[in-house]
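Residue numbers (full-length UniProt numbering), protein chains in the order written: chain A, 1 to 359; chain B, 1 to 359.
This is how it looks when you write it as structure tokens:
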């Protein structure tokens, strides 16, 4: 598949959360239909998709029917079971490709791969049991952070080791899950680059954003980020290197630590990324549409920034203040339609823009 | 109903065309669900709605089930059969209200009402048959234009009278449909005001846009419009006067002729309007979200313009150039997902923005 999909085509999306929801809206804006596959009931993307399949990732028949009904499959999260991908790949192209998923599904694989590519990452060591954790702590020291190799997000599956004595408790908590120990990086702040690559190898990057996390969850992204011109260039070149090495198609988010000795890759995500939500109100073409364009084989769009933006996540009972937020000037509200509010749950976000023009 | 709808609420939308489609996306952005009622198969709004009912406006059971499933009903077009509105209104509030529909469904009623409100309209006369047409031509003169009182859009149902001798043929073509004869207005250009009013009576206007029509169809809207400061103020005051007189809730589009002796109302539409599509890429809150906010009893949003915009409709085989348009810088593409292209059919639009900032 290399020709651009016609506007009557259907994009399959694995995962019906807020990212799938905003991808679906972006596809519609290009005249494309979407079919969302999601195990959970009443998913956010279900409100804005042409078709929704509710089935577990183990349901081979449902996966096959889904794959047959679409022209290309993409996804909103990287932890899709490999067996499900095998079923789909026999029937429809998957974009971004399997290699990006294989690498980003496992922290150890990802860090090893990034290092081999010549990029800086935090010091890390493989942890399989108590003995290898003791070795790792000796080599990397504390403070450091123990992370499960798979299925971590929003700070889940992570244990902070302040002293070597914390190792035993962390190891017990992990209950034998394969892990990596990461050394702390002395960074001033974190930025992320949202970059896209088309099937033809065209690459486009949005302006880097500066991220602030609270309790392991992204709280705020500010654009522009504090970066020198050469750091900005480095960030874009690093992202392009990753995309090209993967022969990547779609949008990828790369989180980078800014240190006195250069940029260090924290992690990469083979999908649209929370830290790219600002593009919805800062650019003519946002990260969701850019992803759909790439996946559909369309030309990448113009991601130039027309306004400065501060994106702030609405988490848990931040939702109590929605009507106040709705009254703010220069503020765009984006809610995900989740019916149940829980502490730590991302319910929406606001983009506060600073237009150069004032009317 | 005066409290703001909670984010779990459902907005019913009558009509599943492109306006319904973009209203549905805007509702989702606020976390609201939509249920679209549309007689035609595979409507554009069907790709982005939580629920779609496919039934004719004469299906009382379907209308009642639709009305019962939603918290409020709005619409994308004004020519909804009165009997259908009666069924719905017994079960759910309709916003904007019936009075706005009654007036805008009939050109004669609309012009009479606007004139009684103290606003300028083109000279007009009621036409019921050949004799009254002859009278009207004598009074209003030629060139003038004969329009059916109901169901006209995009230049349909209109006959241009260059000389009095054209009256006979126009009358025959109309086949007895009630009509109005409108005198030509000597105007320099047409602008439109997209204005919103909340249930609490709060009014907000977007910056006026300047419209260019071709073959009776809107081709382009340019913002800002060529208006003096006092014309701009007049335009906003006229729109506010109309909204307040109707105790209106929602967005209304008013087309105004700019003449040397002031602004003349061409027509009003009790809904989001093609000439307001530029707001999608020029403002933090666009006309679709503004309409949903009003209809849901939410605070009106900030419609200040952050960029200049030229909106251009994609009509018929303009669609052949979609991939070229997708490559343009500072250009946002909005396609409607219509599977059949026909001459004169609106298939999408582009918003070309001029950001004050250049990166």
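Even glycine gets a Cβ: it sits at the ideal position worked out from N, Cα and C.
Here the structure is a predicted model, which is why all the values come from computation and not from measurement.
Exercise. When you check each C-beta in the stretch 253 to 277 of chain A against every C-beta of chain B, which residues fall closer than 9 Å?
Worked result: Listed in sequence order: no entries.
Exercise. Out of curiosity, what's the CA-to-CA distance linking residue 222 (chain A) and residue 279 (chain A)?
Worked result: Put simply, the backbone Cα of residue 222 (chain A) is about 11 Å away from that of residue 279 (chain A).
Exercise. For residue 331 (chain A), is the classification buried or exposed, using 16 other Cβ atoms within 10 angstroms of its Cβ as the cut-off for buried?
Worked result: Its Cβ being crowded by 16 or more others within 10 Å, residue 331 (chain A) is buried.
Exercise. Counting contacts by CB-CB distance shorter than 8 Å, is residue 307 (chain A) in contact with chain B?
Worked result: By this cut-off, residue 307 (chain A) is an interface position.
For this session: Please report the residue range of the beta strand (DSSP E) in which residue 112 (chain A) lies.
Result: Bounds of any beta strand (DSSP E) do not take in residue 112 (chain A); it lies within the alpha helix (DSSP H) bounded by 107 to 116.
For this session: Indicate the three-state DSSP secondary structure (helix, strand or coil) for residue 227 (chain A) in the structure shown.
Result: It is coil, neither helix nor strand.
Problem set entry | Where residue 332 (chain B) meets chain A, residues with beta-carbon distance less than 7 Å | Within 7 Å Cβ-Cβ: 284, 285.
For this session: Check residue 3 (chain B) in the structure and name its three-state DSSP category.
Result: Correct three-state label for residue 3 (chain B): coil.
Exercise. Does DSSP put residue 16 (chain A) in a helix, in a strand, or in coil?
Worked result: Residue 16 (chain A) falls in the coil class under three-state DSSP.
Problem set entry | Where the beta strand (DSSP E) through residue 98 (chain A) begins and ends | Element bounds for residue 98 (chain A): not the beta strand (DSSP E) but the alpha helix (DSSP H), 98 to 104.
Exercise. What span of residues does the beta strand (DSSP E) with residue 273 (chain A) cover, start to end?
Worked result: Element bounds for residue 273 (chain A): n/a, residue is neither H nor E.
For this session: For the alpha helix (DSSP H) holding residue 281 (chain B), just list the boundary residues, first then last.
Result: First-last of the alpha helix (DSSP H) with residue 281 (chain B): 279 to 282.
Problem set entry | Contained beta strand (DSSP E) runs [length at least 3] in the stretch 13 to 63 of chain A, N- to C-terminal order | Complete beta strand (DSSP E) runs here, min 3: 33 to 38, 51 to 54.
Problem set entry | Range of the contiguous beta strand (DSSP E) that encloses residue 308 (chain B) | Where residue 308 (chain B) is concerned, the enclosing beta strand (DSSP E) stretches over 307 to 315.
Exercise. Of the residues that make up the stretch 27 to 51 of chain B, which ones have a beta carbon closer than 8 Å to any beta carbon in chain A?
Worked result: Cβ contacts with chain A: 28, 29, 30, 31, 32, 33, 34, 46, 47, 48, 49, 50.
Exercise. According to DSSP, is residue 338 (chain B) helix, strand or coil?
Worked result: Look at residue 338 (chain B) here: in three-state DSSP terms it is coil, with no helix or strand label.
Problem set entry | Other residues of its chain near residue 281 (chain A): CB distance less than 8 Å, five sequence neighbours each side excluded | So the list reads 307, 309, 332, 351, 353, once near-sequence residues are dropped.
Problem set entry | Contact set between the stretch 314 to 329 of chain B and chain A, restricted to residues whose Cβ is under 8 Å from the partner | Hits within the stretch, in order: 319, 322, 323, 326, 327, 328, 329.
Exercise. Counting along the chain, where does the alpha helix (DSSP H) carrying residue 140 (chain A) start and finish?
Worked result: Boundaries of the alpha helix (DSSP H) harbouring residue 140 (chain A): 130 to 140, taken from the DSSP string.
Exercise. Just to confirm, are residue 103 (chain A) and residue 292 (chain A) a CB contact at a threshold of 8 Å?
Worked result: It is not a contact, given that the beta carbons lie outside the stated cut-off.
For this session: Mind checking the stretch 294 to 305 of chain A against chain B and listing, in chain order, the residues whose C-beta falls within less than 8 Å of any C-beta there?
Result: If the cut-off is 8 Å between Cβ atoms, the stretch 294 to 305 of chain A has 298, 299, 301, 302, 304, 305 near chain B.
Exercise. Are the CB atoms of residue 79 (chain B) and residue 151 (chain B) nearer to each other than 8 Å?
Worked result: The answer is yes: Cβ separation under 8 Å.
Exercise. With a cut-off of 8 Å, does the C-beta of residue 145 (chain B) fall near any C-beta of chain A?
Worked result: Not a single C-beta of chain A is nearer than 8 Å to the C-beta of residue 145 (chain B).
Exercise. How many whole angstroms separate the CB atoms of residue 258 (chain B) and residue 187 (chain B), which I take to be in contact at a CB cut-off of 8 Å?
Worked result: Contact between residue 258 (chain B) and residue 187 (chain B) holds, since their C-beta atoms are separated by about 6 Å, short of 8 Å.
Problem set entry | Contacts of residue 348 (chain A) in chain B (Cβ-Cβ under 7 Å) | At a beta-carbon threshold of 7 Å, the residues of chain B lying near residue 348 (chain A) are 31, ordered along the chain.
Problem set entry | Short CB-CB distance (under 8 Å) between residue 281 (chain B) and chain A | True, the Cβ-Cβ gap to chain A drops below 8 Å.
Exercise. Along chain C, in chain order, which residues have C-beta atoms closer than 9 Å to that of residue 335 (chain A)?
Worked result: You won't find chain C in this structure, because its protein chains are A and B.
Problem set entry | Residue from A:249, A:250, A:242, A:246 with nearest C-alpha to residue 256 (chain A) | Nearest option by C-alpha distance: A:242.
For this session: For the alpha helix (DSSP H) containing residue 293 (chain A), list its first residue and its last residue.
Result: Where residue 293 (chain A) is concerned, the enclosing alpha helix (DSSP H) starts and stops at 287 to 295.
Exercise. With 16 as the cutoff for other CB atoms within 10 Å, does residue 244 (chain A) come out buried or exposed?
Worked result: It is exposed - the Cβ of residue 244 (chain A) has fewer than 16 other Cβ atoms within 10 Å.
For this session: Would you check if there are 3 or more beta carbon pairs closer than 8 Å linking the stretch 70 to 77 of chain A to the stretch 5 to 22 of chain A?
Result: Contact holds between the stretch 70 to 77 of chain A and the stretch 5 to 22 of chain A, because three or more Cβ pairs, one in each stretch, are under 8 Å apart.
Exercise. In whole angstroms, what separates the C-alpha of residue 137 (chain B) from that of residue 171 (chain B)?
Worked result: Between residue 137 (chain B) and residue 171 (chain B), the alpha-carbon positions lie close to 12 Å from each other.
Exercise. Can you give the Cα-Cα distance for residue 160 (chain B) and residue 289 (chain B), rounded to whole angstroms?
Worked result: Rounded to whole angstroms, residue 160 (chain B) and residue 289 (chain B) show a C-alpha spacing of 37 Å.
Exercise. Does DSSP put residue 164 (chain B) in a helix, a strand or coil?
Worked result: Taken through DSSP and simplified to helix, strand or coil, residue 164 (chain B) comes out as helix.
For this session: Run the CB neighbour count on residue 98 (chain B), radius 10 Å, all protein chains shown included, and call it buried at 16 or more, exposed below.
Result: When all chains shown are included, residue 98 (chain B) counts as exposed.
Exercise. In or out: residue 7 (chain A) buried (at least 16 other Cβ within 10 Å) or exposed?
Worked result: It is buried - the Cβ of residue 7 (chain A) has at least 16 other Cβ atoms within 10 Å.
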